[in-house]
Amino acid sequence: MNKLFAALLAAFLVAAPALHAQIQPIEPLDRIVAIADDDVILQSELDRAVAQIQAQYRSNPQQLPPTDVLRSQLLDRLIMNRLQIQRAQGTGIRVTDNDVDQAIQRIAQQNQIDMSQLRGALARDGVDYDEFRKQTKEQILVQRLQQRIMQSSGQVTDAEVDTMLSSGNVKTGEIHLAHILIATPENASADQIKTAKDKADDVKKQIDGGLDFSAAAIRYSNAQDALPDGGDLGWRPVSSVPEAFAQIAETLSPGQVSPVVRGPNGFHIIKVVDKRNTGGKQLVTEYHARHIMIPITELVSSAEAQKTAADLRRRIVDGHEDFAKLAKEYSKDPPTANLGGDMGWFPIDRYGTAVATTISGLKNNNDVSQPFQTDVGWHILQVLGKREMDRTVDAQRDQVREMIRQRKAEDEIESQMRTFRAEAYICAVDPAYVTKERASCSEAVLKKAESK
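If you read the sequence shown in my numbering, its first letter stands for residue 3, the second for the next number, and so on.
#1: Using DSSP with H/G/I as helix, E/B as strand and the rest coil, what is D234?
#2: From the DSSP secondary-structure annotation, give me the bridge partner or partners of V172.
#3: Please state whether DSSP places I115 in a helix, a strand or coil.
#4: Jot down the residue ranges of each uninterrupted alpha helix (DSSP H) in the region 42–97, minimum 4 residues, whole runs only, in chain order.
#5: Find out if the Cβ-Cβ distance for the pair N105, T138 is shorter than 8 Å.
#6: Counting pairs of Cβ atoms below 8 Å between the region 349–361 and the region 317–337, do you hit three or more?
#7: Helix, strand or coil: which one does DSSP assign to P433?
#8: Do the CB positions of F325 and G343 come within less than 8 Å of each other?
#9: Which value, in whole angstroms, describes the spacing of the CA atoms of I87 and D400?
#10: With distances taken between CB atoms, is the gap from A219 to A180 smaller than 8 Å?
#11: Just verifying my parser: in three-state terms, what is the DSSP assignment at D200?
#12: How many angstroms separate the CA atom of L21 from the CA atom of R50?
#13: So what's E390 in DSSP terms, helix, strand or just coil?
#14: So, with DSSP's three-state summary, where would you put Y131?
#15: When the Cα atoms are used, what is the spatial distance from Q119 to Q56?
#16: Residues in its own chain within less than 8 Å of E414 by CB, not counting five upstream and five downstream?
#17: Can you check whether the CB of L72 is closer than 8 Å to the CB of A36?
#18: Assign E288 to one of three DSSP states: helix, strand, or coil.
#19: Using the C-alpha atoms, what's the distance from T338 back to A217?
#20: Could you pull the start and end residues of the beta strand (DSSP E) that A36 belongs to?
#21: Closest to M295 by CA distance: which of A441, A397, Q375, Q145 is it?
#22: Expressed to the nearest angstrom, what Euclidean distance is found between the alpha-carbon atoms of I209 and R409?
#23: On the DSSP bridge assignment, give the partners of F215 in chain order.
#24: One question on the structure: do H270 and V263 come within less than 8 Å of each other, judged by their Cβ atoms?
#25: Kindly indicate which three-state DSSP category Q418 falls into: helix, strand or coil?
#26: Could you check what DSSP says for L143 in three-state terms: helix, strand or coil?
#27: So what does DSSP say about I318, is it helix, strand or coil?
#28: Name the two residues that bound the continuous beta strand (DSSP E) containing Q375.
#29: Taking a contact to mean a Cβ-Cβ separation below 8 Å, would you say V275 touches H381 in this structure?
#30: Compare the C-alpha of D392 against each of E306, L285, G211, T437 and name the closest.
#31: For K450, which residues from the same chain have a beta carbon less than 8 Å from its beta carbon, with the 5 sequence-adjacent residues on both sides left out?
#32: Between L328, P261, Q54, E306, which has its C-alpha nearest R315's C-alpha?
#33: Would you decide whether L301 is buried or exposed? Buried here means 16 or more other CB atoms lie within 10 Å of its CB.
#34: Taking the alpha-carbon positions, what's the R403 to A397 distance?
#35: With DSSP as the reference, label G122 as helix, strand or coil.
#36: In the DSSP assignment, find the unbroken beta strand (DSSP E) run with I271 in it and report its ends.
Printed below as a string of structure tokens:
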């Protein structure tokens, strides 16, 4: 979910510092600039998106493309967002008011402010709170659609993991990449491919001549991460990088930029930002523990559950009663209650932050924790043992499994996005926004859209 919240903040609070951007409110013009299937993009929406990006790059405006190019790029983004929202709603994905409330509360928490401060920041930045809620809801819809697409890409089987491991193509380490994509249309003609290649060559020439890579990505790249991230792909396992790109990246040192590379969806220029080694043994600290869980329910308040947990701890520590016996009698955790609360051996991060923090604070075997709360109730925990385990093989298999899953998911999302666009009716009202991918709206289509 963190990416969602980052995206929402970037969409509304984009200047640095994030909560003090001075984006001036734009009076809605209510003029249609483009049509995407059953929906419209208004001039006011496009103006707002442009103003927000310009605010984010206020200190480095030279990194932005000319305003007409920026407007066209952002119009494409608005169109794709609208198509995804339509597809999400059409496939039964729903977002409740409670979902939106929780998302906004987490945004406030991550910025270490309360809700009233968030509302105040939005108001100062000229952002209407109801509009913020609407956009938050739409971003959740898009995220859930993409999650569904990722799930449809299929599970990774043990056979796939074994095949990858036996191929010898599994590379250790992680790499921080940035990229520029000069896209080609689906079923592109020879002329379209040549045009894209010539443009990619020109962009590479400008980078070699001193143009900042991030600025080039913002100005020219057709990838979704071009704005506002400057093509930054972040850190990822080397094995998760497509083979053609990985081979080139291996030859580059941090800071170097690749030649133009042909890919299935266009031409790429890759920059290696940094590399790091993650090889060697993967030693994992494991704990053996047991616990008692007192859940919070409609009949049992948090305070009551906490008191019960504290009473049980007192009976164990001061009264020397048997932990396992009390767990069988009082614990409401189905997998462990009948086992006397025994959780078996587990890595410290398996059960979340609260358990990890609690168990790491218990220094001796048989120590019993103070009551602590998780999202399901109140607990007490007794540590029974601690060990260091070599999980190198397991870690490598997990890494390969995640790499295959990520590749499948990215390929499926990219394929679906191309399909959404290919199947949609997209047109532009303003001649300035008419391109090969955006035809000019007919009078009949425009009148129909205006009547809705």
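All residues carry an ideal CB built from backbone N, CA and C; glycine is no exception.
Here the structure is a predicted model, which means the values were calculated and not measured.
In brief:
#1: It is a strand residue.
#2: None, per the DSSP bridge assignment.
#3: Here I115 sits in coil by DSSP.
#4: For the region 42–97, the continuous alpha helix (DSSP H) assignments of 4+ residues that do not extend past its boundaries occur at 45–58, 69–92, in sequence order.
#5: The sequence as given places Ala at residue 105; Asn does not occur at that position. Yes, the pair counts as a contact, with Cβ atoms nearer than the cut-off.
#6: Touching, no.
#7: Here P433 sits in helix by DSSP.
#8: Yes, they are a contact pair.
#9: Across the structure, I87 and D400 are spaced so that their CA atoms are roughly 33 Å apart.
#10: A219 is a Cβ neighbour of A180, given a cutoff of 8 Å.
#11: DSSP, reduced to helix, strand and coil, places D200 within a helical segment of the structure shown.
#12: Because the pLDDT of L21 is 35, which lies under 50, any placement of that residue in the model is unreliable, and the number read from its coordinates should be weighed accordingly. Answer to the nearest angstrom: the Cα atoms are 17 Å apart.
#13: In the structure shown, E390 falls within a strand segment according to DSSP collapsed to helix, strand and coil.
#14: In the displayed model, Y131 falls within a helix according to three-state DSSP.
#15: Whole-angstrom Cα-Cα distance: 24 Å.
#16: Cβ neighbours of E414 beyond the five flanking positions: I151, M152, S154, S155.
#17: No. Outside cutoff.
#18: Strand at E288.
#19: Rounded to the nearest angstrom, the gap between the Cα atoms of A217 and T338 is 55 Å.
#20: Residue range 34–38 is occupied by the beta strand (DSSP E) that includes A36.
#21: Considering only alpha carbons, the answer is Q375.
#22: Those two C-alpha atoms are separated by around 28 Å.
#23: Per the DSSP secondary-structure output, F215 pairs with nothing in a beta bridge.
#24: Closer than 8 Å, so yes.
#25: Under the three-state reduction of DSSP, Q418 is assigned to helix.
#26: In the structure shown, the three-state DSSP call for L143 is helix.
#27: Helix at I318.
#28: Residues 374–376.
#29: No, Cβ-Cβ distance for V275 and H381 is not below 8 Å.
#30: Looking at the Cα atoms, L285 is the closest of the given residues.
#31: Within the same chain, and ignoring the five residues on either side of K450 in sequence, no residue has its Cβ closer than 8 Å to its Cβ.
#32: Shortest Cα-Cα distance from R315 to any of L328, P261, Q54, E306 involves L328.
#33: Residue burial annotation: L301 is exposed, with fewer than 16 other C-beta atoms found within 10 angstroms of its C-beta.
#34: Pairing R403 with A397, the inter-Cα distance amounts to about 10 Å.
#35: Looking at G122 - three-state DSSP - the assignment turns out to be helix.
#36: Here the beta strand (DSSP E) through I271 covers 268–278.
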